[in-house]
Amino acid sequence: MLSDEFPPSCSQIATCPDCGINWTFKIRSQDVQAAAATTTLRMSTTVREPYMDEIFHVPQAQRFCAGTFQEWDPMITTLPGLYLYSAALLRSLGLLLGLPGKEACTVTLLRLTNITFTLGNLTLLYQLVGWLHAGKGISRHHRLLSAATLSLFPVLYFFNFFYYTDPGAVFFSLGTYLSSVKGRHGTAAVFGVVSILFRQTNVIWVAFCGMLIVSGHVEQAWGEDEDKKEQVKKGRLRQMSKGWDVAKFFSRFLSSPHRLNGLLSQVWPYATVGILFLIFIILNGGIVVGDRQSHVACLHLPQFIYFLVFTLVFSIPMYLSPARVWRCASTARSHPLLTLILIMASFCSLLFFSYTHPYLLADNRHYTFYAWRRLLGRRGPAILVLVPGSLAAGVVLNDQLHEHSPLWRISFLVCVLIATVPQRLLEFRYFIMPYLLFRVHAQPPPISRLLVECLLYLTINLLTFHLFLNRPFHWIGHPGHQRFMW
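Using the numbering used here, read the sequence shown as starting at 3 and increasing by one per residue.
Listed below in structure tokens is the structure:
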């Protein structure tokens with residue numbers, strides 16, 4: 003149960019030997035909820051009307067609250083998971099308070115529904131860190147600080163206070179993954195279906211769970227294969243020396259009823275979700291509902307480079323050190339041919355496979371507008387920054403995930419590519435789930451670096467909210483204030 007893993011009230015005292023300080027922190031679920039509610043109310047007193055994408059989400063949710071389910075805004079591209087959740091929660095609250103559906107689903111109350119996901123994401127991150135790093139001597143306060151820091155991840159944290167799908171989509175995706183790694187595959191599939199109702203691309207992370215089940219069975223079978231025991235260390239797949247040996251191994255694997263039954267008994271829930279999603283695509287005529295013209299898939303290869311650099315920037319407090327910089331340089335020197343191939347591939351991707359979405363150029367309220375205008379859209383500076391940055395990020399990611407098997411890392415890479423590359427629009431929110439999965443699997447950093455990361459995230463969040471609330475601007479010919487945001 004969640005309450006067993008993350009009690010509603012806990013006080014932790016931690017020592018940081020690396021920095022020579024003692025510090026105390028106290029976190030209670032009531033405090034998290036109160037802080038989130040206070041921030042949401044502050045946002046709602048400043049921005050009373052729906053803002054940005056809320057102009058689509060809020061009216062649609064209010065229709066659901068009123069029991070009108072047959073009307074759909076064609077500009078909305080996601081499934082109605084968020085609206086169903088909000089309508090169920092707020093209509094129940096309205097019945098208790100004697101409020102009609104419309105009064106129970108105001109802009110402020112709809113925004114407040116995301117507070118449940120704020121606390122839920124903190125809880126799931128806490129459990130994931132503890133489960134994935136069990137046996138490594140990670141203390142309770144270390145787990146709590148890690149989870150609290152990740153829940154402050156700026157791109158996600160900002161949207162906790164808007165009526166957006168991101169907090170709920172992340173919550174149910176994390177629930178899918180946590181249930182899967184704990185072996186609760188039926189529960190994982192249920193979480194996965196709900197996550198898809200919040201955002202269709204979450205099917206990628208359901209598939210990721212299924213891929214890990216398959217790779218785990220393959221690795222176990224490979225480790226038990228009599229002909230390969232000398233090539234195996236610690237039961238992990240380390241090498242498959244010859245293609246013929248691999249072919250023989252998979253032939254034996256696929257012809258073994260015992261192994262196939264064991265695999266199917268665990269992977270069928272994810273396969274069922276995949277089949278249902280395929281049926282949805284066929285009936286719907288595509289993944290996107292609503293405004294399909296603005297969300298046409300393409301081969302946008304630089305998106306993966308953007309993700310790598312994005313990850314490197316937000317991981318600087320955790321992994322930047324002279325030793326790591328030297329290791330990156332040494333890795334490049336020791337693998338000159340591979341380094342050259344990666345440099346050329348990155349160069350060609352940026353030069354020939356870059357796309358500019360009309361939304362990116364038309365809206366100067368988003369930070370991505372300025373990132374594109376001042377760096378990413380200028381090919382010369384972009385190449386000089388992104389190519390070495392992405393190579394360094396690749397070394398860091400591979401180094402931090404080296405404890406996982408090659409098949410695990412390949413599965414993660416494939417899913418990140420599928421989640422990012424088809425997207426024509428540069429949108430930092432698309433990077434939230436890949437980044438969180440990387441961070442919870444990365445080697446646990448010392449407390450001192452976690453503190454620096456936490457302070458960095460807090461600083462970014464404070465600056466972001468300051469700009470949004472206190473630095474509005476105007477568009478000529480458009481009423482109302484415009485505000486900066488992720």
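For each residue, glycine too, the CB sits at the ideal point set by N, CA and C.
The residues Pro-424, in chain order, have a CB closer than 7 Å to that of Ala-299 in the same chain once the five nearest residues on each side in sequence are set aside. For Arg-441, the uninterrupted alpha helix (DSSP H) run begins and ends at 434-443, by DSSP. Excluding residues up to 5 positions away in sequence, nothing lies with its Cβ nearer than 8 Å to the Cβ of Leu-342 in the same chain. In this structure, Met-54 sits away from Phe-163, with a CB-CB distance that is not shorter than 7 Å. DSSP places Trp-328 in the uninterrupted alpha helix (DSSP H) bounded by 324-336.
Exclusion of the five residues before and after Gly-264 leaves His-219 as the residues of its chain whose Cβ lies within less than 7 Å of its Cβ. In the three-state reduction of the DSSP assignment, Phe-486 falls in the coil class, being assigned neither a helical nor a strand state. In the DSSP annotation of this structure, the continuous segment of the alpha helix (DSSP H) that includes Gly-264 starts and ends at 259-286. A straight-line Cα-Cα distance of about 19 Å links Tyr-85 and Val-205. In the DSSP assignment, Trp-133 falls within the unbroken alpha helix (DSSP H) covering 116-134. Classified as exposed, Tyr-372 has fewer than 16 neighbouring CB atoms from the shown chains inside 10 Å of its CB. Inter-residue distance for Phe-66 and Val-109 is about 14 Å (C-alpha atoms, whole angstroms).
Judged by beta-carbon spacing, Phe-160 lies within the 7 Å limit of Trp-488, meaning their Cβ atoms are closer than that value. Its chain contains Thr-79 and Val-290 as the residues whose beta carbon lies nearer than 6 Å to that of His-297, once the 5 sequence neighbours on both sides are disregarded; these appear in chain order.
Approximately 5 Å separates the beta-carbon atoms of Ile-307 and Ser-392; this is inside 8 Å, confirming the contact. Note on geometry: alpha-carbon atoms of Phe-71 and Gln-222 lie some 48 Å from one another. The shortest CA-to-CA distance from Gly-122 to any of Leu-98, Val-172, Arg-367 and Trp-374 is the one to Val-172. Distance from the Cα of Thr-333 is smallest, within the candidate group His-476, His-404 and Val-397, for Val-397. Phe-164 carries a coil assignment under DSSP once its states are collapsed to helix, strand and coil. When Ala-68, Gly-170 and Gly-139 are compared, the shortest CA-CA separation from Arg-93 is found for Ala-68. The DSSP-derived three-state label of Phe-255 is helix. Nearest to Trp-270 by alpha-carbon distance, out of Leu-214, Arg-381 and Trp-374, is Leu-214.
Close CB contacts of Phe-440 within its chain, under the 7 Å cut and outside five residues either way in sequence, are with Thr-313 and Leu-399 (chain order). In this structure, the straight-line span from the alpha carbon of Leu-81 to that of Trp-74 is close to 10 Å. Fully enclosed alpha helix (DSSP H) runs of no fewer than 4 residues occupy 168-183 and 187-200 of the stretch 167-221, in order along the chain. Under DSSP, Phe-475 forms a beta bridge with Gln-484. For the options Leu-154, Arg-186, Leu-43 and Arg-426, the alpha carbon positioned closest to that of Thr-115 is the one of Leu-43. The three-state secondary structure of His-302, taken from DSSP, is coil.
When DSSP reads this structure, His-368 sits in a beta bridge with Met-487.
Comparing alpha carbon positions, the residue from Pro-383, Ala-149, Gly-188 and Arg-451 closest to Leu-322 is Arg-451.
Secondary structure at Phe-155: coil, using DSSP grouped into helix, strand and coil. Linking Leu-340 to Arg-329 through their CA atoms gives a straight-line distance of about 16 Å. In this structure, DSSP gives Ala-106 a helical state, which the three-state scheme calls helix. For Asp-401, the enclosing alpha helix (DSSP H) covers residues 381-402. C-alpha of Cys-417 to C-alpha of Pro-102: approximately 44 Å in a straight line. When DSSP states are grouped into helix, strand and coil, Glu-455 belongs to the helix group.
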